[in-house]
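Structure first, commentary second.
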Amino acid sequence: MNNSNAVVGKFALDSLTIGMYENEMVVYREYIQNSTDAIDRAVELSWIDSLEESQIDITIDKDNKIIKIRDNGVGISNQNASSTLKDIGNSSKDYSVNRGFRGIGRLAGTAYCKKLIFKTSTKNEDKCSIITWDCEKLKELLKPNSSNELDLVQVVDACVSVVEVNEDIEKHYFEVNLEGVDDKNDLLDEYKVKKYLSQVAPIEIDSRKFYYYSDLNDGIKKFMNDNEIPIEEYPIQVNRRRITKLYSTVIKGKDDDHIVAIKKVIIKDKNNNKLAFLWYGERRVGKGRINDDDIAGIRYRKNNILIGNADTVSKLFGDSESQKRFNKYYIGEIYILEKNIIPNARRDDFEDNYYYSIVKEEMTTIAKELILVARKMSDRNNAEDKIAKAEKRLDEINRKLEKKRLTQEEKEELEKEVEGINNTIEENRKIEENASEKLNELGRRIVGSKSKEEKKDSETKAKVEELTTKLQDDNFKGNNNNPLKGISRDIQKTVRGILKILEKEIEPEKYDKLEEKIYDFVHRSKR
């Protein structure tokens, strides 16, 4: 039997860097999650008083094609720095505690720069370790037919250098420098980086824009504290400006629509252990999906870092696209609390296991209710729109009676139209009431005064009765004033013929304005 040792081929490294991620922006996520782990450890050791005292500073120098990410976490000791920052897939981190634990994330930057430099020091050591990856050389050695005799370890040794420099014994930090960043991607685009991190990074929600987060009586933060759910928020700056999540009380692009309440749910297993915490916003109007993709849709987070995107949760709303779309009628987050629910290597979902299956099952049940709420909101909104349109037409007919003399035929046509409008209003009132009752059963807050709605309904009925009475009165002929008085009969006949055509072809509101302009023009022309 041949007992030769196994060899890990150099192309495995290519799969763990370029091949692992679909979006270059994950470089930021990978280094930030390593920073948060280091900061957590520094807080445990009392090197930092709290997370609020921590620092994760990102500097993007587009002109010089340099990115720097620095934290004041625990750092890495001089003894361990070389092995930790050269080893691949050999992390000593605990998956149940740390965000980054697979030992491959630190290499994410190698695919996008010429040099990847790690600088680190820990407290009570007077040395800073500097580990430099020559990424240009690495890419060259990873090309097919290039140095095929080298295995993965030999390639790494050929591309990595380690030096030490003196450092202040009190300092503790970790710094990543990407030099010669490829400007063909978005890594140097400050605006896009901020936009990405505002969704992905473990940061706070800006309470000035979304007051439901820090509301002292019933806010998300208070609920988390009351239920001992960890709040994992880190001060992250990009070019000296702190970033926050983009949630807002106002729904962008939706007139008069905003968040009116927050629903909060803790998902537990049969032993009453907390598996996840869900919050989502209820909208005032809820007309259609939210068009702002930066916030639309409920999303997963683990340790407050985004896992996947809104589409990851949309799958729980159903198999069809028509069902999945309902997730984006809402904003919200699912914080995974169970340590055994583990993100997969790409961090676009979680590994399937017993605990994750419970969360998905509970979320599927909640999603069905959210779909029903969205549909009933849609029924209610559509009914309200039809009622508003019908009421507007009643006003147009009333104005017509005040300004125009009617023939018997015109009166009969308008009487039929008023009857049809009244039927439309009554039908849609029933739809509106049924939808409101169902929403009430589902615990959905309906914004609006019932007394105001009843008053409006009463006014509409009175308007219909008044119009019907007028139109059924044989003596009522409309307005007796002739707007073309003093104009020759031939011109009157021509103008009325034109107006009759226009009345059939354009909207009533536009017609009314145009009619007045035509009358005015005819009288001015006479002068």
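Quick note: the sequence shown uses our numbering, first residue 1369, plus one each step. A virtual CB, placed ideally from N, CA and C, is assigned to each residue, including glycine.
- Per DSSP, Asp1429 is one residue of the beta strand (DSSP E) stretching across Ile1424 to Asp1429.
- Around the beta-carbon of Val1618, fewer than 16 other beta-carbon atoms lie within 10 Å, marking it exposed.
- Taking 8 Å as the cut-off, the beta carbon of Lys1495 is found no closer than this to the beta carbon of Asn1545.
- Residue pairing by DSSP places Thr1404 opposite no residue, since no beta bridge is assigned to it.
- For Val1395, the closest of Ala1479, Glu1601 and Val1442 by C-alpha to C-alpha distance is Ala1479.
- When DSSP states are grouped into helix, strand and coil, Gly1686 belongs to the coil group.
- Of the candidates Ile1498, Ala1735 and Ala1803, the residue whose Cα lies closest to the Cα of Lys1483 is Ile1498.
- The three-state reading of DSSP puts His1891 in helix, counting H, G and I together.
- Ser1566 is classed as buried because its beta carbon has at least 16 other beta carbons within 10 Å across all chains shown.
- The criterion of a C-beta distance shorter than 8 Å is satisfied by Glu1558 and Ile1428.
- With a cut-off of 8 Å on Cβ pairs, the region 1828–1835 is in contact with the region 1750–1770, counting three or more such pairs.
- For Ile1416, there is no enclosing alpha helix (DSSP H), as DSSP gives it neither H nor E.
- At the C-beta level, Ala1751 and Thr1792 stay beyond 8 Å of one another.
- Contact between Thr1488 and Ile1444 holds: their C-beta atoms lie close to 5 Å from each other, under 8 Å.
- In this structure the region 1518–1535 does not touch the region 1400–1412; the number of beta carbon pairs closer than 8 Å is below three.
- Each residue's CA atom was taken as its position, placing Lys1894 and Leu1852 some 11 Å apart.
- The C-beta of Leu1769 has 16 or more other C-beta atoms within 10 Å across all chains shown, which makes the residue buried.
- By the 16-neighbour rule on beta-carbons within 10 angstroms, Ala1756 is exposed.
- If you check the CB distance, Ile1699 and Tyr1668 do not come in under 8 Å.
- For the options Val1890, Lys1613 and Glu1777, the alpha carbon positioned closest to that of Gln1840 is the one of Glu1777.
- Cα atoms of Leu1419 and Asp1825: separation of roughly 56 Å, rounded to the nearest angstrom.
- Within a 10 Å sphere around the beta-carbon of Asp1408 sit 16 or more other beta-carbons, which makes this residue buried.
- Distance from Tyr1541 to Ile1571 at the Cβ level is roughly 20 Å; contact not present, criterion being Cβ atoms closer than 8 Å.
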